[in-house]
Structure formats: C-alpha cells, structure tokens
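Report on the structure given below.
In structure tokens, the structure reads:
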C-alpha cells in the first residue's frame, strides 16, 4: 500500500475515520513462494504504512482480516478454533502471522487492533 496514495484519501475526505477494516493484501499461496519479497513488502510494509497513517489521523479502531492459513495443516482438530496452534508453511501465511503478532503489540502505540488470542484478550 502506497503511503502517499493513502494520505491522499485522508486529504480528500476531511471527516474523521473512526474505524478501518483491512482486507487488502496479496493472497495467492503458490505465487507467494515465487515472489516472497513482493508479499512481505506489500502485506507487511503496506499494513505498517496504513497503521502509521491511522495513528496520525487518530483512527484507533482497526480490524485485520487474517487467514486460516496461519494454522498450517491441522492434524485432526477440524473445525479449527481460535486456540489452534499456528504454523504456516508459505510466505503468504507468514505475512498474516507476522501482522497478527504486530497487532497484538498495538495497544503499546495507542491503536486498538482486531486480532484476538485464545486467552480472550484483544489486541
């Protein structure tokens, strides 16, 4: 996500954004193994650019769309629960898993994230 283009959106709409629902990412599992750097750049750096801009504009509510791929290949516990262990095997999944970890730390920088953990805490 291009930070100058995102900044332009905030400039075009002077209203206060109270929430951001983030679905934007590259998402092809096979492609992610061929161009992993592109996935890391778009999905992680792009999301960090968005978070920085949301913080600047005091938008404190953020819902992140992760992926079941962060759970890897389940052994037998189907359907999966939020408490299932994580362990993805491809760059696309790693980007989602890494962003979940970053968002769990967001209260430290005054932004409420949209991930949750098995313990019931919300980031």
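Residue numbers (UniProt numbering): 1 to 123.
We treat Cβ as the ideally placed atom computed from N, Cα and C, and that holds for glycine.
Only a predicted model underlies this, so the values are computations on that prediction, with no experimental measurement involved.
Let's see if you can read the secondary structure: which residues bound the beta strand (DSSP E) around residue i?
| i | result |
| --- | --- |
| residue 64 | 62-64 |
| residue 21 | 20-22 |
Going by Cα to Cα distance, which pick from the options is closest to residue i?
| i | options | result |
| --- | --- | --- |
| residue 65 | 11, 9, 7, 21 | 21 |
| residue 95 | 17, 26, 13, 34 | 26 |
| residue 103 | 57, 56, 47 | 47 |
| residue 9 | 42, 57, 41 | 57 |
Grab me the residues of residue i's own chain with a C-beta within less than 6 Å of its C-beta, minus the 5 sequence neighbours each way, in chain order.
| i | result |
| --- | --- |
| residue 124 | This structure cannot settle anything about residue 124, because the visible part of the chain is limited to 1 through 123. |
| residue 19 | 61 |
| residue 114 | Its pLDDT being 46, under 50, residue 114 is placed unreliably by the model, and nothing is read from it. |
| residue 35 | none |
Throw me the rounded Cβ distance for the residue i and residue j pair, which I believe falls under 8 Å.
| i | j | result |
| --- | --- | --- |
| residue 62 | residue 54 | 6 Å |
| residue 59 | residue 17 | 4 Å |
Within the same chain, show all residues whose beta-carbon is closer than 7 Å to that of residue i, passing over the 5 residues directly before and after it, in chain order.
| i | result |
| --- | --- |
| residue 6 | 49, 50, 53 |
| residue 2 | none |
| residue 44 | 95, 98, 99 |
Among the residues of its own chain, which have a CB less than 8 Å from the CB of residue i, if the five just before and after it don't count?
| i | result |
| --- | --- |
| residue 119 | Per-residue confidence for residue 119 stands at a pLDDT of 36, beneath the threshold of 50, marking its modelled position as unreliable; the derived number appears in the next sentence. For residue 119, where only same-chain residues beyond five positions count, there are no Cβ hits under 8 Å. |
| residue 28 | 92 |
Along the chain, where does the alpha helix (DSSP H) that runs through residue i open and close?
| i | result |
| --- | --- |
| residue 92 | 91-104 |
| residue 10 | 3-12 |
For a cutoff of 8 Å on Cβ pairs, would you count residue i as touching chain B?
| i | result |
| --- | --- |
| residue 53 | As a matter of chain content, chain B is missing from the structure shown, which is built from one protein chain. |
**OP:** Could you tell me which uninterrupted alpha helix (DSSP H) segments, each at least 4 residues in length, are contained entirely in the region 26-64, listed from first to last along the chain?
**Re:** 29-34, 36-39, 46-56
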